[in-house]
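One structure below.
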Amino acid sequence: MVIRIINLIYYIRTQMRLVLINITCVFLFVSISSSAQFYNGTRMDFGKNRVQYSDYFWSHYTYEKFNIYFFEQGKNLADYVARSAHLQLKELEFQFEYKLKQKIQFIVYNTQNQSRESNIGNYPDEALNPGGFARVLGSKVFLFFDGNHQNFDRQIRSGIARLLLDEILYGDDFSDEIKNEALINFPDWYYEGLIAFLSEKWSVKADGKLKAKFNTENFDNFNWLSKEDAILAGQSIWYYIADKYGEEAVVNVFYMSKIQRNFSDGILFILGISSENLISDWSLFFKFRFMKDDMDKLPIDSNNIGRRKLKKRFEYQRLLINKKEDFVSFVTNRFSQQKVIIQNLSNGRKKCILKLGHKIDVLPDFTFPVLAWHPRGDLLNVFYESEGGMNWLTYNVRSKEKIKSKLFQVEKVLEASFSTSGKKIALLAVVNGKTDIFVLDIMSRAREQITNDFYDDRYPVFLNNDQIIVFSSNRQNDSMFVDGNDNLVYGYSSDIFSYDYSRKKSFKFMPQVLFRITNSPQFNEEQPISTGWNTIQYLSDENGIINQWEAKIDSTISFVDTTIHYRFFADKRPLTNYKSNILFHSTNGNLVARIFKPSERHVMSLSKLNKETKELKPTNFVKLIKKTTLNSKSENKIIHVLTVDSIKQKMKLNEDFLFTDYYVFRNEMDKKNTDSVVKVVKSSSNTAFKSIKINNFPTSDSAAPKVKQRNYELLFRTAEISLDLDNRFLNPQYQRYSGGSSYPMPGMNGFMKYSAVDLLENHLLTGGFRISNFFSNEFFLSYTNREKRLDKQYLLYRATHTDLEETKTFIKNVTYEGIYRLVYPFSMVNRFSTTFSIRYDQFIPLSKEISLLELPISHQFWPNIRLDYTFDNTRALGINLYSGLRFKFFTEIYQELPQFKNRMLTYGADIRHYKKIFKSLIWANRFAGGSSIGSNRLMFYLGGVDSWTAPQFNSNLSPSKLPNGSSYAFQTLATNMRGFFQNARNGSAFIALNSEIRWPIVKFLFARPFNSDFLNNFQVLGFGDLGTAWSGLSPFMDSNSLNQQILPIGGDARTGEVVLKTNKEPVVGGFGIGLRTTIIGYFIRADWAWGVEDGLIQRNLFYLSLTTDF
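Read in order, the letters of the sequence shown are residues 84 to 1193 in our numbering.
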């Protein structure tokens, strides 16, 4: 009832707001402009790339509530998504009392590395001003399989939760779906944290991560947190709300925040406390809980390998000691760039033998590289993904030799471990969406499959001189090939099992019974290591903290008949009792190496192995798990698959029998072609979300919907709508030279751009128009094909504007341009592009008197080829805040037709570097330069800023004269040069240097984000500019127009002229302060600048502009 009342209030407020939006849209379209729009200033297309290494043949399943898209070897994953998504969607809809109206589009990739080839979310305009920019949310959920179905389920649930929350906030029809972030904008900790909480309430690993974060400084300062840390903090806050106020409070807070469009009011009205007090209570709750947990636990080993502190913001993993105990290897990951490091324990020297990826903002993949030392002790084997395939690197630490090869017929390698003899290697690989164990013969490269089911097997290692393979698995039955043959939703907890590899051939015609070394249904045992005969060490979270345990396999006489029968058992004991989780461990002889993360730095310890048994006491979180489990009589959530006939048989035996929710799956590719019904058995445990009671079932076979595998069909949908207020050109190009007396700029007016994409976003259609007044307009239409690695773009453009010539004659200029562009990405950060275009200009004299009617209409044809190389590894720290390097080198060749003697060659560069000083305080620097040569040249006007709302032109400076009879054909702006009007310097070449200190002062000074983009994005800048423009070889030559002034003699009769040498300093500079913030979605820049010319400080100038970056 409360939710229905909240929704009614929200509907009324939404209708009122739509009226205001429509009025604003009309205002944008009727805004009056001046004249034409042309390419100018600092606008450059940077951005990351998506590289397609393989061709995929896509198929899909169609269901009532969702579609599932997948490609080769992904059918098993698609079947699993169908079962899991049906469960997750029902639970979330029940919890929020809301039925999702959109049909979900699940897009499934077999591995994370393959998902990076996708074009989904690859938009070219991310760096432009977001004002008026609306992206249609759509209903896509992007999934990839990392070898763990628990993580896969978390992705499914997270995607459904995001779509559900987005639809509740923004609606489901086209008009409501156009999202403007100025309307509803919740901070990451609130919104992303809620999605994380809905996908997984809480876990031992999350508890350990949060504990480590509380050990760092300033974790309570949410404005200083990275997005990842903000999501973790938010997830724990929602967990705290559910624990203290009940799960209903989570839903009510969200709905009230939607009504008030303010997360603080939602918290206040439902919980009765302010958001500040809630965060304070949350902080005290967890700090006290962690303090109680640590009272009976020991500090970690702080004996770092190399005795140096490990670097911040680095992730360390896969620590391994070699057999000779003189080298260790490990993997570092920083911003998705991975390095394989080998360290010499005798002298501490490190060597990077492999580097993968770039430091950019992509989701890091911690599943690779996979390391394995050969028993000889001097060969490190590395399995890694690169360029769409699996690679195998062998590195010799003595000879430094590297041997690289390919590994085929597997999608991914998750773990690797050598046999004692070194002739075989146990691999955990993903094949057809399943994680199975294989044994690979090193010499022949032949492989034999050990497991073949849908359970998640992990960490296979050899034991007892290669007679046994020990591994971790979530299997529920210790008989192989009995369960696990169906692609169902199984439990998540993993135990340690042993497989008798020596008797593999004897079990060819019957299932082998595994020996279960551990049995803890609620907890996880992972990373087993062979440490002796029948002895392993492994990691377990049984007490709420991941500690190191030891297990010894032993036997006793069970009974005697004609022979003696033995019963095997495992003697387990904990070896550590640390305060922090052990992330990775490696034991060799008497040495043990471990990786911890007790705070913001990892600790990689190396010490003597202590086998003394420790006493472990559970953490408060584990106590809560055990308490709720004891109070619940239900089992874990399971899905059974029953045939239709078996259901009828059960109905005959028991009239009260019923099952909940069904789908029938048909695999047209299988020869059996059997139908099956999914029976959903829900858990009513307090640890899970509330169960749903659904009593529908098919009355006959025909009532069960058939699911067929279909080929992917190309269908387009709306991707973006931009209704913007701006003075920039829709399609960058140079402006025709107007004599050097002015640079016509558009006024502030509205333009509209519309984009449509297919589901996979491989095909992009974009169109736009601007109607400034009756004499100036522009239209363009573009199609981009990004399906292959080589991207292709086709663009048609038309513009009309009016120019005032030096003869005071008005000329109507109609421009047509056709463009064909090819882009080849080398990696995610660099690319090379080639653009072919032909430009046609028509010049029509406008008549104010009879004599002008005789002026002819003229034409110009300019074919053009442009080559450019782009690099961009920047990471976004916020709006207008970056870290990293980006640059572009380019050249253009223009040839006028049919006058073959008229040609122009331009070349230039734009280099930008962003250095993070402290938190989000950055230092940004830019170098830009360009020049033109040939019979026709490009005129650069130095001065002003980009997207200046009220541009001013310095008409006192004459154009620089060109040598050898050359003339100017086009003109453009060279910015930034603050402290001056446009045309402070001019010529056929320019250089500009810009330096800025960008300080988001509100985020820096206040611990909590505000419910206002104006405050959250408010920045203070200090800047300095330096630059010049000239013609000829040097700006210091006398031939530059800057260095001489021509004074006419005789008035209008002009009987002569006097050339006055001015001897001015060609280089000018500027400095000042600026403010940046977001107002109704537009990023506004205000600058107060003082120019410096000839050593003198000029008067202050004010600039108001609408753009980001420089």
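Ideal Cβ positions, reconstructed from N, Cα and C, are used throughout, including at glycine.
It should be emphasised that the depicted structure is a prediction, and the values quoted were computed from it without experimental measurement.
Residue i vs residue j beta-carbon contact at 8 Å
i: Leu-381; j: Tyr-144; result: no
i: Thr-892; j: Ile-902; result: no
i: Asp-924; j: Arg-853; result: no
i: Arg-986; j: Val-1028; result: no
i: Leu-864; j: Gly-850; result: yes
i: Asp-377; j: Phe-704; result: no
i: Ile-190; j: Leu-226; result: yes
i: Val-675; j: Ile-383; result: no
i: Thr-957; j: Tyr-997; result: yes
i: Ser-1018; j: Ser-1071; result: no
i: Ser-309; j: Phe-369; result: no
Endpoints, beta strand (DSSP E) assigned at residue i
i: Ser-238; result: Note that residue 238 corresponds to Gln in the displayed sequence, not to Ser. First-last for Gln-238: 232-253, but that is the alpha helix (DSSP H), not the beta strand (DSSP E).
i: Gly-1152; result: 1151-1162
i: Ser-412; result: 410-417
i: Leu-226; result: 223-227
i: Glu-311; result: Taken as a continuous stretch (DSSP letters only), Glu-311 belongs to no beta strand (DSSP E), being part of the alpha helix (DSSP H) at 310-328.
i: Ser-585; result: No beta strand (DSSP E) contains Ser-585, which DSSP labels as neither H nor E.
i: Leu-1054; result: In the sequence under discussion, the amino acid at residue 1054 is Gln, which differs from the Leu named in the question. That run of the beta strand (DSSP E) goes 1050-1057.
i: Gly-1013; result: 1004-1016
Other residues of its chain near residue i: CB distance less than 6 Å, five sequence neighbours each side excluded
i: Asp-739; result: Legend: pLDDT at Asp-739 = 48, less than 50; position of this residue unreliable, value from coordinates given subsequently. Result list for Asp-739: empty, nothing under 6 Å.
i: Phe-418; result: Lys-442
i: Lys-680; result: Ala-295
i: Glu-1176; result: Val-1151
i: Phe-302; result: Lys-296
i: Gly-1178; result: none
i: Leu-523; result: Ile-508, Leu-510 and Arg-530
i: Asn-515; result: Gln-156 and Asn-159
i: Ile-1180; result: Trp-1173
i: Tyr-826; result: Tyr-1024, Phe-1036 and Gln-1065
Start-to-end residues for the alpha helix (DSSP H) that takes in residue i
i: Glu-796; result: Neither: Glu-796 is in no alpha helix (DSSP H) and is coded neither H nor E.
i: Trp-365; result: 358-376
i: Arg-166; result: 158-179
i: Asp-348; result: 346-354
i: Ser-282; result: 271-282
i: Asn-196; result: 195-198
Neighbourhood of residue i by C-beta, 7 Å cutoff - its chain only, sequence neighbours within 5 removed
i: Asn-1146; result: Asn-1126
i: Asn-602; result: Asp-578
i: Asp-841; result: Leu-797, Leu-798 and Phe-799
i: Gly-672; result: Glu-408
i: Asn-105; result: Low confidence applies here, because Asn-105 scores a pLDDT of 40, under 50, leaving its location unreliable and the question unanswered by this model.
Cutoff 8 Å; reference residue i; Cβ partners in own chain excluding five residues on either side
i: Lys-871; result: Gln-135 and Asp-138
i: Ile-424; result: Ser-412, Phe-413, Val-414, Thr-415, Lys-433, Lys-434, Cys-435 and Ile-436
i: Ser-910; result: Asn-132, Val-134 and His-441
i: Lys-694; result: Glu-633 and Leu-658
CB contact below 8 Å: residue i versus chain B
i: Phe-537; result: Here there is only one protein chain, and chain B is not present.
Pairs of beta-carbons, one from the segment 788-808 and one from the segment 1035-1051, closer than 8 Å: are there three or more? no
Are three or more beta carbon pairs between the segment 459-477 and the segment 487-496 nearer than 8 Å? yes
Spell out a yes or no on whether the segment 1072-1091 and the segment 1106-1114 are touching, meaning 3 or more CB-CB pairs, one atom from each, closer than 8 Å. yes
Are the segment 271-286 and the segment 223-241 in contact at 8 Å, needing three or more beta carbon pairs? yes
Contact the segment 1085-1094 vs the segment 1050-1069: 3+ CB pairs below 8 Å: no
Cβ pair count under 8 Å reaching 3, the segment 961-974 against the segment 926-936: no
For the pair the segment 995-1002 and the segment 1157-1166, tell me if three or more CB-CB distances fall below 8 Å. no
Determine contact between the segment 620-632 and the segment 651-671, defined as no fewer than three beta-carbon pairs at a distance below 8 Å. yes
Does the segment 171-183 come close enough to the segment 196-203 to have 3 or more Cβ pairs within less than 8 Å? no
Three or more C-beta pairs closer than 8 Å, one from the segment 687-698 and one from the segment 304-320: is that the case here? no
Which residue spans inside the segment 818-875 form an unbroken alpha helix (DSSP H) run of at least 4? none
If contact is defined by three or more beta carbon pairs under 8 Å, each pair taking one atom from either stretch, is the segment 603-611 in contact with the segment 547-563? yes
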